[in-house]
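Asker:
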Amino acid sequence: MPNKVSLALVIHSHQPVGNFDHVIEEAYQKAYRPFVAALLAHPSIRLSLHYSGILLEWLEAYHPEFLDLLRLLVARQQVELVGGGFYEPILAAISDADKQAHIRKLSDYIESRFGARPAGAWLAERVWEPSLPKPLAEAGVDYLVLDDTHFLAAGLEPSELHGVYVTEETGSALRLVPSLKALRYAIPFREPEETLSVLREGEGLDSRLFAMGDDGKKFGVWPGTYDHVYKNGWLERFLAAIEGASTWLETTTVSAYLARHPPVGRIYLPTASYEEMMEWALPPRTARELKLAIEETERAPSGGRQRRFLRGGIWQNFLVKYPESNQIHKLMLEVSRRLETEKRHRTAAKNRASIVREAETHLLAAQCNDAYWHGVFGGIYAPHLRSALLRHLIQAEVLLDRLEPPAHAPHSEIRDFNADGRNEVLLGDPIFAMILRPDDGGTVSSLRFKPSDVELINSLTRREEAYHDQVRERVTSGQPASRRAEGPASIHERVLSKEANLSALLRYDHYARHAFRVYAFPAAKGLDDFDYLRLDENSELAGRPIPQCGRGPCGSNGPSAMALANSEE
Numbered sequence: 000m001p002n003k004v005s006l007a008l009v010i011h012s013h014q015p016v017g018n019f020d021h022v023i024e025e026a027y028q029k030a031y032r033p034f035v036a037a038l039l040a041h042p043s044i045r046l047s048l049h050y051s052g053i054l055l056e057w058l059e060a061y062h063p064e065f066l067d068l069l070r071l072l073v074a075r076q077q078v079e080l081v082g083g084g085f086y087e088p089i090l091a092a093i094s095d096a097d098k099q100a101h102i103r104k105l106s107d108y109i110e111s112r113f114g115a116r117p118a119g120a121w122l123a124e125r126v127w128e129p130s131l132p133k134p135l136a137e138a139g140v141d142y143l144v145l146d147d148t149h150f151l152a153a154g155l156e157p158s159e160l161h162g163v164y165v166t167e168e169t170g171s172a173l174r175l176v177p178s179l180k181a182l183r184y185a186i187p188f189r190e191p192e193e194t195l196s197v198l199r200e201g202e203g204l205d206s207r208l209f210a211m212g213d214d215g216k217k218f219g220v221w222p223g224t225y226d227h228v229y230k231n232g233w234l235e236r237f238l239a240a241i242e243g244a245s246t247w248l249e250t251t252t253v254s255a256y257l258a259r260h261p262p263v264g265r266i267y268l269p270t271a272s273y274e275e276m277m278e279w280a281l282p283p284r285t286a287r288e289l290k291l292a293i294e295e296t297e298r299a300p301s302g303g304r305q306r307r308f309l310r311g312g313i314w315q316n317f318l319v320k321y322p323e324s325n326q327i328h329k330l331m332l333e334v335s336r337r338l339e340t341e342k343r344h345r346t347a348a349k350n351r352a353s354i355v356r357e358a359e360t361h362l363l364a365a366q367c368n369d370a371y372w373h374g375v376f377g378g379i380y381a382p383h384l385r386s387a388l389l390r391h392l393i394q395a396e397v398l399l400d401r402l403e404p405p406a407h408a409p410h411s412e413i414r415d416f417n418a419d420g421r422n423e424v425l426l427g428d429p430i431f432a433m434i435l436r437p438d439d440g441g442t443v444s445s446l447r448f449k450p451s452d453v454e455l456i457n458s459l460t461r462r463e464e465a466y467h468d469q470v471r472e473r474v475t476s477g478q479p480a481s482r483r484a485e486g487p488a489s490i491h492e493r494v495l496s497k498e499a500n501l502s503a504l505l506r507y508d509h510y511a512r513h514a515f516r517v518y519a520f521p522a523a524k525g526l527d528d529f530d531y532l533r534l535d536e537n538s539e540l541a542g543r544p545i546p547q548c549g550r551g552p553c554g555s556n557g558p559s560a561m562a563l564a565n566s567e568e
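Residue numbers (numbering that gives the first Met the number 0): 0 to 568.
This is the structure:
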């Protein structure tokens, strides 16, 4: 029926590469399975679902019956499956060739299992850059769902967020759907009537699309949501309320809406992500200043209109905030470049092609975004997630070594490996690969043991985070985490401690946690002094840059590149 308000929900589900099976199983039992079961019981509710490739592979291995349920939902045109990056990479942080490899891999998987090739793609962490339309369009992507903050930052008014827009890069077009914050913060945390009140606002509009793209874990995995959504009946009440409003409200998949409604206009979005991500990307001091600026602006009479102009940093700033992330990222780019060279210049012998495909699978897995950054959840602070990325990178390195003769020769190189303006020394042989840091006291930041696919230097520097202030305040005030009267608080509104006296552990290292750092300290000092940063070490010795090349040759290959000259002081 024409002139109805259209509700287009896009529910996203993903698990990181390297996550524990029991964690994924819990998410399956608490969120993925009961949510789909509810949809089966309400066949008139239509929506779009996104599952990352890594999660679909896990589901196929451990719960193949779940894929059967998805096939049923797709077959009766109740659900549209959305594509994206197979291993959920930040597409803006990888090469165009890798972007397209991810998207095609997931599209192929969905088409082979469910009989339909996806038209849309989920953009991991909604990290948008203006350079994305061309590679995505070339990979077969028709649309993306992005946060309304992206569109507001481009100059739209809130009343203009209820239709589809088109953007392009050098003539390659892509349709963009605004995801409304009002819905993201209401579903499932407020009662269904509040969501219906938001949707009712669309009855007076020319374009009446109300879209929401958000995390499926909020339906059972986030703290307090399982009881709220299922045991206390929120989801059943919500679906029944939607069905009861069918005289003025319809639910739709994004593709079904696009088939009936042309774009309402052209738009070019700035680089952006969702609001919280842009705040997390900032250094702690700046993040605090932004928080104060936002609070001050929202108290002003016209603060609602001015709020959209206050934005944080971009996702790539995590590579500055966490040098450990930058090193993994640059190791990944190195493997990507080697793989692309192999694809272009090597023969297509069957055995070589098989090795290249295997190496590419490991590379794509190592581009999974979760361990490259940190916000509310563990992210880069989770050692098993970091280790999983590094393991895949080492496995790819070993495979590519077999294709690049001489495969067993030791090699060395001096160059700016991590793009920081200073040279590193790269050493390798069939057993080990190493990154030596002359700029940091001659320490070693990476020591990869190839026979076991393990990175031996994988500790994270203890550093300040903006939310540490909240941890200290929670200890001082003794107040418990907040909870709404009508439902659980969003994860963006909670401060939880998993152990007692957590604030006492908030101390920050003086140096990066690299290996072979030289410490000279008073004889009376011990291990506790090291842990509590009371060592009184000679900081000049511990972190002083070491000259890299003295007299004699210092080429890019051969043993001479391994030698570091003594200082002439």
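Just so you know, even glycine gets a beta-carbon here, dropped at the ideal spot from N, CA and C.
Smallest Cα separation from His-11: which of Val-424, Val-165 and Gly-84?
Answerer: Ranking the options by Cα distance to His-11, first place goes to Gly-84.
Asker: Quick check: the region 141–159 against the region 116–125, are there 3 or more CB pairs under 8 Å?
Answerer: Touching, per the Cβ criterion.
Asker: To test your reading of the DSSP string, which unbroken beta strand (DSSP E) runs of 3 or more residues are found completely within the region 73–110?
Answerer: Qualifying beta strand (DSSP E) stretches, in chain order: 78–83.
Asker: Identify whether Arg-298 lies in helix, strand or coil by the three-state DSSP scheme.
Answerer: Helix, per DSSP.
Asker: Tell me which same chain residues have a C-beta within less than 8 Å of the C-beta of Ser-111, skipping the five on either side of it?
Answerer: Closer than 8 Å at Cβ, skipping near neighbours: no residue.
Asker: Is it buried or exposed, Arg-337, if we count other Cβ atoms within 10 angstroms and call 16 or more buried?
Answerer: Label assigned to Arg-337: buried.
Asker: Go through its chain and collect everything with a Cβ distance to Val-443's Cβ below 8 Å, but skip five positions before and after it.
Answerer: Closer than 8 Å at Cβ, skipping near neighbours: Met-433, Ile-434, Leu-435, Arg-436, Ile-456, His-513, Ala-514 and Phe-515.
Asker: State the DSSP-derived secondary structure class of Arg-483, mapped to helix, strand or coil.
Answerer: Note that Arg-483 scores 49 on pLDDT, short of 50, meaning its location in the model is unreliable; the coordinates nonetheless yield the value given after this. Arg-483: coil per DSSP, three-state reduction.
Asker: Leu-105 and Thr-252: beta carbons closer than 8 Å?
Answerer: Cβ distance not < 8 Å, so Leu-105 and Thr-252 don't count as in contact.
Asker: Can you tell me whether Pro-487 is buried or exposed? The criterion is at least 16 other CB atoms within 10 Å of its CB, across all chains shown.
Answerer: So Pro-487 ends up on the buried side.
Asker: Helix, strand or coil for Ile-313, going by three-state DSSP, please let me know.
Answerer: Of the three classes helix, strand and coil, the one that applies to Ile-313 here is coil, per DSSP.
Asker: Is there a Cβ of chain D sitting closer than 8 Å to that of Ser-171, yes or no?
Answerer: No chain D is part of this structure, which consists of one protein chain only.
Asker: With the cut-off set at 8 Å, would you say Tyr-229 and Gly-219 are in Cβ contact?
Answerer: Taking 8 Å as the Cβ cut-off, Tyr-229 and Gly-219 qualify as a contacting pair.
Asker: What does a CB cutoff of less than 6 Å around Leu-281 pick up in its chain, not counting 5 residues either side in sequence?
Answerer: For Leu-281, where only same-chain residues beyond five positions count, the Cβ hits under 6 Å are Gly-311 and Gly-312.
Asker: Opposite Tyr-507 in the DSSP bridges: which residues?
Answerer: Its beta-bridge partners do not exist; DSSP assigns none.
Asker: Between the C-alpha atoms of Thr-263 and Ile-186, what's the straight-line distance to the nearest angstrom?
Answerer: The identity of residue 263 in the sequence shown is Val, whereas the question assumes Thr. Rounded to whole angstroms, Val-263 to Ile-186 spans 26 Å at the Cα level.
Asker: I need the straight-line Cα distance from Trp-279 to Leu-309, nearest angstrom please.
Answerer: Roughly 14 Å between the two C-alpha positions.
Asker: In the DSSP assignment, what residue or residues form a beta bridge with Thr-166?
Answerer: Leu-173, per the DSSP bridge assignment.
Asker: Quick test of the definition: if touching needs 3 or more C-beta pairs under 8 Å, does the region 367–382 touch the region 402–411?
Answerer: Touching, no.
Asker: Please report how far the alpha carbon of Leu-526 lies from the alpha carbon of Ser-502, in whole angstroms.
Answerer: The alpha-carbon atoms of Leu-526 and Ser-502 are separated by roughly 21 Å.
Asker: Phe-113 and Leu-80: beta carbons closer than 8 Å?
Answerer: Taking 8 Å as the Cβ cut-off, Phe-113 and Leu-80 qualify as a contacting pair.
Asker: Would you mind sorting Thr-224 into buried or exposed? The rule is 16 or more other CB atoms within 10 Å of its CB.
Answerer: Looking at its Cβ environment, which holds 16 or more other Cβ atoms inside 10 Å, Thr-224 is buried.
Asker: Quick check: is any heavy atom of the ligand SAM less than 7 Å from the C-beta of Trp-314?
Answerer: Ligands displayed in this structure: none; no statement on the ligand SAM is therefore possible.
Asker: How big is the Cα-Cα spacing for Ser-301 and Leu-426?
Answerer: When rounded, the distance between both Cα atoms is 59 Å.
Asker: Between the C-alpha atoms of Glu-357 and Glu-24, what's the straight-line distance to the nearest angstrom?
Answerer: Taking the straight line joining both Cα atoms gives about 27 Å.
Asker: Evaluate His-361 with the Cβ neighbour count: other Cβ atoms within 10 Å of its Cβ, from every protein chain shown; 16 or more gives buried, anything less gives exposed.
Answerer: By the neighbour-count rule (16 or more Cβ atoms within 10 Å), His-361 is buried.
Asker: Determine whether the beta carbon atoms of Pro-134 and Lys-98 lie at a separation below 8 Å.
Answerer: Yes, the pair counts as a contact, with Cβ atoms nearer than the cut-off.
Asker: Out of Phe-520, Ala-465 and Ile-545, point me to the one whose CA is closest to Glu-536's CA.
Answerer: Of Phe-520, Ala-465 and Ile-545, the residue nearest in Cα terms is Phe-520.
Asker: How would you write the range of the beta strand (DSSP E) that Ile-10 sits in, first residue to last?
Answerer: Run containing Ile-10: 4–12, per the beta strand (DSSP E) assignment.
Asker: What's the C-alpha gap between Ser-458 and His-13?
Answerer: When rounded, the distance between both Cα atoms is 26 Å.
Asker: Can you tell me which of the three DSSP states Asp-535 falls into?
Answerer: If DSSP states are grouped into helix, strand and coil, Asp-535 belongs with coil.
Asker: So, are the CB atoms of Ala-138 and Arg-103 less than 8 Å apart?
Answerer: It is a contact, given that the beta carbons lie within the stated cut-off.
Asker: Less than 7 Å between C-beta atoms, sequence neighbours within five positions excluded: which residues of the same chain meet that for Arg-483?
Answerer: Residue confidence is low: Arg-483 scores 49 on pLDDT, short of 50, so the model does not pin down where it sits. No coordinate-derived value is stated.
Asker: Please classify Asn-2: is it buried, with 16 or more other beta-carbons within 10 angstroms of its beta-carbon, or exposed?
Answerer: So Asn-2 ends up on the exposed side.
Asker: Which residues in the same chain as Glu-333 place their Cβ atom closer than 7 Å to its Cβ, once the five residues preceding and following it in sequence are excluded?
Answerer: Correct list: empty, nothing qualifies.
Asker: Rounded to whole angstroms, what's the CA-CA distance from Thr-250 to Glu-202? Just pull it up for me.
Answerer: Computed Cα separation, rounded: 15 Å.
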